[in-house]
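As given, the protein sequences belong to chains P and W, one line each in that order. Heads up: the first sequence begins at 3 in our numbering, then just goes up one per residue. Heads up: the second sequence begins at -16 in our numbering, then just goes up one per residue. Every residue, glycine too, gets a C-beta built ideally from N, C-alpha and C. In this text, all values refer to a predicted model and were calculated from it rather than measured experimentally. Here's the structure we're looking at; comments come further down.
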Amino acid sequence: MNIFRLAGDVCHLVAIIILLLKIWRSRSCAGISGKSQVLFAIVFTTRYLDLFTVFISPYNTIMKVVFLALSYATVYLIYMRFRNTFNSENDSFRLEFLLVPVIGLSFLENYAFTPLEILWTFSIFLESVAIMPQLFMITKTGEAESITTHYLFFLGLYRALYIANWVWRYHTEGFFDQIAVVSGVVQTIFYIDFFYLYVTKVLRGRGKMTLP
Amino acid sequence: SMEPLRHDEL
Chain P
3 MNIFRLAGDV CHLVAIIILL LKIWRSRSCA GISGKSQVLF AIVFTTRYLD
53 LFTVFISPYN TIMKVVFLAL SYATVYLIYM RFRNTFNSEN DSFRLEFLLV
103 PVIGLSFLEN YAFTPLEILW TFSIFLESVA IMPQLFMITK TGEAESITTH
153 YLFFLGLYRA LYIANWVWRY HTEGFFDQIA VVSGVVQTIF YIDFFYLYVT
203 KVLRGRGKMT LP
Chain W
-16 SMEPLRHDEL
């Protein structure tokens, strides 16, 4: 464990909690892409299947349980509890455009052709594109509430910190996970234009982020 | 690509 990965995990947890609290307190999921949240729940489910078979550390196990619980709670709030506030016509990204290439690639590029390893690879590739429906919704509606942008900021920052973690681990322990690194870089690149908008618009106290 | 023995990251 290193400070970059720990900071990344904290940012990830903060992002998930920000979104969950926003939906719970505003009792609404307007402006939130339910599809992205479903994809994140799938990411955690397919990545943490070794929850009961591989023990890394108490921290690792606890965080996996927390991420699974919070992501399913978020999906529950969107599609069950506050479903009447869910505007599905704005959440119109075609998930098959993401799932088909990601499934295909995880069968082609993986460390081992075993169910667990293919599912882990699938979760890594899926995570890199899971935010697409949310970013697509924002470009479609032309705006995002500031809370949603803070959520996206921490979510983007988490994987950027993981890149620093991979650089650190490469130089200190020779660790290099090519699938995770390539996918993590692609994932972070998707956030770059959002980061620019976030810094220039939201942090200047404009409240809402309105796209040009 | 080096094959990580096990996935110790979240």
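Determine the burial state of residue i: buried for a count of at least 16 other Cβ atoms within 10 Å of its Cβ, exposed for fewer.
i	result
P/Thr202	exposed
P/Lys24	buried
P/Asn167	buried
What three-state label does DSSP hand residue i in the structure shown?
i	result
P/Met65	helix
P/Met139	helix
P/Met134	helix
P/Ala146	strand
P/Met3	coil
P/Thr48	helix
P/Thr116	coil
P/Thr212	strand
W/Ser(-16)	With a pLDDT of 46 at W/Ser(-16), under the threshold of 50, the modelled position of this residue cannot be trusted; read the value that follows with caution. Coil at W/Ser(-16), not helix or strand.
P/Asp179	coil
Quick one: which chain B residues come within Cβ less than 9 Å of residue i?
i	result
P/Lys210	Protein chains P and W are contained in the structure displayed, whereas chain B is not.
Thinking just about the alpha-carbon of each residue, which of the options is nearest to the one in residue i?
i	options	result
P/Ile126	P/Arg161, P/Phe95 and P/Ile58	P/Arg161
P/Leu22	P/Arg7, P/Leu70 and P/Asn89	P/Leu70
P/Arg7	P/Asn62, P/Thr123 and P/Ser148	P/Asn62
Discussion item. Please identify, using Cβ separations under 8 Å, the residues of the region 3 to 16 of chain P that lie next to chain W, in order along the chain.
Written reply: So the close ones are Arg7, Asp11 and His14.
Worksheet item: How about the region 96 to 106 of chain P and the region 123 to 133 of chain P: do they share at least three Cβ pairs that are nearer than 8 Å?
Response: At 8 Å Cβ cutoff, the stretches touch.
Worksheet item: So does the region 28 to 42 of chain P actually touch the region 178 to 186 of chain P, counting three or more Cβ pairs closer than 8 Å?
Response: No, the region 28 to 42 of chain P does not touch the region 178 to 186 of chain P.
Worksheet item: Which of the residues in the region 109 to 124 of chain P, read from start to end, lie with their CB under 7 Å from any CB of chain W?
Response: Within the region 109 to 124 of chain P, the qualifying residues are Tyr113 and Trp122.
Item to complete: Please list the residues of the region 61 to 72 of chain P that have a C-beta atom closer than 8 Å to any C-beta atom in chain W, keeping them in chain order.
Response: If you check each beta-carbon in the region 61 to 72 of chain P against every beta-carbon of chain W, the ones closer than 8 Å belong to Asn62, Met65, Lys66 and Phe69.
Worksheet entry | Within 7 Å of chain W by C-beta, residues of the region 41 to 57 of chain P in sequence order | Cβ contacts with chain W: Val56.
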